[in-house]
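Trainee: First the structure, then my questions, so here it is.
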Amino acid sequence: MGIEQQGGPKTAAAKVAPAKGKLGVMVVGLGAVATTFIAGVEAVRRGLAKPIGSLTQMGTIRLGKRTDNNSPLIKDFAPIADLNDLVFTGWDIFEDNVYESAAHAKVLDKDLIQELKPFLETIKPMPAVFDQYYVKRLNGTHVKKGKNKKDLADQVRADIQAFRKTVDRVVMIWCASTEIFLEPTPVHDTIEAFEKGLESNDISIAPSQIYAYAALSEGVPFANGAPNLTVDIPALIDLSKKNNAPICGKDFKTGQTFMKTVLAPAFKARLLGVSGWYSTNILGNRDGEVLDDPESFKTKEESKLGSLEYIFQPELYPDLYKDIFHKVRINYYPPRGDNKEGWDNIDIFGWLGYPMQIKVDFLCRDSILAAPIALDLVLFLDLAQRSQDLRSIGIQEWLSFYLKSPQTREGLYPEHDLFIQSMKLKNTLRHIMGADLITHLGLEYYD
Ligand SMILES: NC(=O)c1ccc[n+]([C@@H]2O[C@H](COP(=O)([O-])OP(=O)(O)OC[C@H]3O[C@@H](n4cnc5c(N)ncnc54)[C@H](O)[C@@H]3O)[C@@H](O)[C@H]2O)c1
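Residues in the sequence shown are numbered from 291 upward in steps of one, following our numbering.
As structure tokens, then:
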């Protein structure tokens with residue numbers, strides 16, 4: 291349906307190019323999340339299920355006044371690629387095709403996977419860039435060989451170039467395992483230093499950064515579903531801007547952190563104090579096994595801890611939040627598979643300091659929550675690349691909504707509050723489409 295019919299602005303078409311042709315989706319890591327994402331898209335395309343949890347597919351956006359009664363679907367308002375135009379490929383350190391990997395992950399029902407088998411088994415992973423130093427609990431054989439990291443990056447670039455010949459646009463998303471905790475070093479400072487580091491096999495350059503470098507060098511937007519450092523470095527931020535290849539933050543915000551970024555803003559809005567927040571999880575899939583390694587867990591822990599500090603702003607509210615004891619644990623517990631259980635014990639205090647407790651027990655399905663996020667990030671990064679306003683700015687802060695660790699320009703604190711993030715996302719869509727922003731002031735109704 292046309293933009294104008296939906297109440298959108300007349301100038302919109304000029305500011306965001308249409309989503310013509312096929313969108314190629316290159317997925318790094320074809321494990322539980324990736325196969326649930328790909329199989330899910332195919333199931334939706336065939337009308338077998340609904341894309342629940344996906345804002346791009348089911349979300350609406352209000353335009354104009356509340357009395358205008360104009361809330362089109364987001365996908366009818368902004369030119370988002372159609373699901374029928376998505377084409378998938380990817381890399382993994384194991385040779386299993388997407389059908390075999392989905393069966394192994396045991397997230398989706400056998401019957402559904404069986405029905406989709408002819409499609410799923412056509413997606414076979416290309417050999418991966420992998421080094422066990424960065425993911426201790428994995429050891430794969432379907433791996434590229436090269437004389438140095440630059441050579442490996444060139445091989446990934448060649449994969450992208452070959453795939454690009456078959457589609458019209460390309461986006462890359464990291465759905466692979468969590469790497470060990472890395473901090474930025476001088477090799478990450480500039481594109482030149484980074485390229486020298488690729489030549490000299492610098493240990494601070496992880497495989498995820500080799501994929502990201504290859505993507506951004508090819509002008510391909512890159513999303514990161516894991517908490518790895520990856521594009522959170524000046525060299526790759528510069529490359530993203532230089533080549534009009536948008537990037538966003540990291541680590542899908544799915545279960546426990548999603549709940550945290552809903553509950554914490556509520557306590558803060560009502561000025562309720564918090565003295566402790568203890569979070570623990572049991573998880574039995576391969577992700578849980580990888581996170582059982584202390585070095586990979588450290589990367590996840592940093593990502594999970596960040597949100598409360600920013601939401602509570604203890605420097606502004608020392609009486610309420612200065613002394614929070616915040617702890618996050620993840621325990622590998624195979625019997626549950628992908629069905630994670632996350633418990634939170636929250637010690638809060640109210641009027642005159644009287645203590646209270648809240649317990650949350652979230653029996654969630656990890657990949658079922660992550661798949662629609664992967665879909666939306668891919669579609670919105672592609673949209674960003676076609677938007678005159680967004681394509682050359684690098685970091686897409688408006689996509690923080692989906693991520694445990696939002697990325698921001700240096701010196702800018704990240705927004706973690708889910709409702710601020712949601713407003714920011716929708717206002718960004720209104721902005722790029724030339725529609726009026728919504729401030730929720732609403733005095734005009736009482737004139
Ligand atoms: N499911 C969630 O709710 C959720 C939330 C936030 C983040 N994540 C992150 O998403 C990622 C994927 O999770 P998952 O449950 O699908 O894990 P998974 O272990 O099932 O899948 C990861 C896949 O990546 C592959 N892989 C590892 N290193 C690779 C490399 N260098 N190149 C190519 N392939 C590689 C593995 O072989 C595996 O098939 C993890 O990092 C996880 O922490 C998941």
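Yeah, the Cβ is synthetic: ideal placement off N, Cα and C, and Gly gets one too.
Here the structure is a predicted model, which means the values were calculated and not measured.
Under 8 Å: do the stretch 413-420 and the stretch 589-602 share three or more Cβ pairs, one atom per stretch?
Mentor: Contact between the stretch 413-420 and the stretch 589-602 is absent, because fewer than three Cβ pairs lie under 8 Å.
Trainee: Going straight from the alpha carbon of K300 to that of L363, what length do you get?
Mentor: Below a pLDDT of 50, predicted positions are generally treated as unreliable, and K300, at 42, falls in that range; no measurement from the model is reported.
Trainee: Is the stretch 652-667 touching the stretch 323-334 in the sense that three or more CB pairs, one from each, lie closer than 8 Å?
Mentor: Yes, they touch.
Trainee: Helix, strand or coil for K649 per DSSP?
Mentor: Reduced to three states, the DSSP call for K649 is strand.
Trainee: Out of G380, Q404, L689, state which residue places its alpha-carbon closest to the alpha-carbon of F542.
Mentor: Among G380, Q404, L689, the Cα nearest to that of F542 is on L689.
Trainee: Within the continuous beta strand (DSSP E) that includes N621, where are the two ends?
Mentor: Taken as a continuous stretch (DSSP letters only), the beta strand (DSSP E) holding N621 covers 615-622.
Trainee: Tell me, to the nearest whole angstrom, how far the beta carbon of V318 is from that of L373; I am working on the premise that it is less than 8 Å.
Mentor: Incorrect: roughly 21 Å between the Cβ atoms, too far for contact.
Trainee: Using the rule of at least 16 other Cβ atoms within 10 Å of the residue's Cβ for burial, across every protein chain shown, is L642 buried or exposed?
Mentor: Exposed, because fewer than 16 other Cβ atoms sit within 10 Å of the Cβ of L642.
Trainee: What are the boundary residues of the beta strand (DSSP E) that includes M462?
Mentor: 459-464 is the span of the beta strand (DSSP E), which, as asked, contains M462.
Trainee: Kindly indicate which three-state DSSP category P308 falls into: helix, strand or coil?
Mentor: Three-state DSSP puts P308 in coil, outside helix and strand.
Trainee: Leaving out five residues before and five after G343 in sequence, what residues of the same chain have Cβ atoms less than 8 Å from its Cβ?
Mentor: So the qualifying residues of the chain are I658, L659, A661, P662, I663.
Trainee: Could you have a look at D637 and say whether DSSP puts it in helix, strand or coil?
Mentor: Of the three classes helix, strand and coil, the one that applies to D637 here is strand, per DSSP.
Trainee: Could you name the residues of the same chain whose beta carbon sits closer than 7 Å to that of H432, not counting the 5 residues immediately before and after it, in chain order?
Mentor: Once the five neighbours on either side are set aside, the close Cβ partners of H432 are D382, I383, F384, E385, P415, P417, A418.
Trainee: Using a Cβ-Cβ cut-off of 6 Å (strictly less than) and excluding sequence neighbours within five positions of I527, which residues of its own chain qualify?
Mentor: Counting only Cβ-Cβ distances below 6 Å, and skipping sequence neighbours, we find G684.
Trainee: Determine, using beta carbons only, whether H706 and I620 come nearer to each other than 7 Å.
Mentor: Not closer than 7 Å, so no.
Trainee: Name the two residues that bound the continuous beta strand (DSSP E) containing T551.
Mentor: Run containing T551: none in the beta strand (DSSP E); it sits in the alpha helix (DSSP H), 546-559.
Trainee: To the nearest angstrom, report how far apart V461 and L320 are at their CA atoms.
Mentor: For V461 and L320, the distance between alpha carbons rounds to 15 Å.
Trainee: Return yes when the C-beta of F542 is under 6 Å from any heavy atom of ligand 1, and no when it is not.
Mentor: Checking every heavy atom of ligand 1 against the Cβ of F542, one is found closer than 6 Å.
Trainee: Inspect the beta-carbon positions of F652 and G578 and report whether they are closer than 7 Å.
Mentor: Cβ atoms of F652 and G578: not closer than 7 Å.
Trainee: Given 6 Å as the limit, tell me if Y621 has its C-beta closer than that to any heavy atom belonging to ligand 1.
Mentor: Per the sequence presented here, residue 621 reads as Asn, with Tyr not at that position. Answer for N621: no, Cβ out of range of ligand 1.
Trainee: Between the beta-carbon of A674 and the beta-carbon of P536, is there less than 7 Å?
Mentor: Against a cut-off of 7 Å, the Cβ pair of P536 and A674 comes out as a contact.
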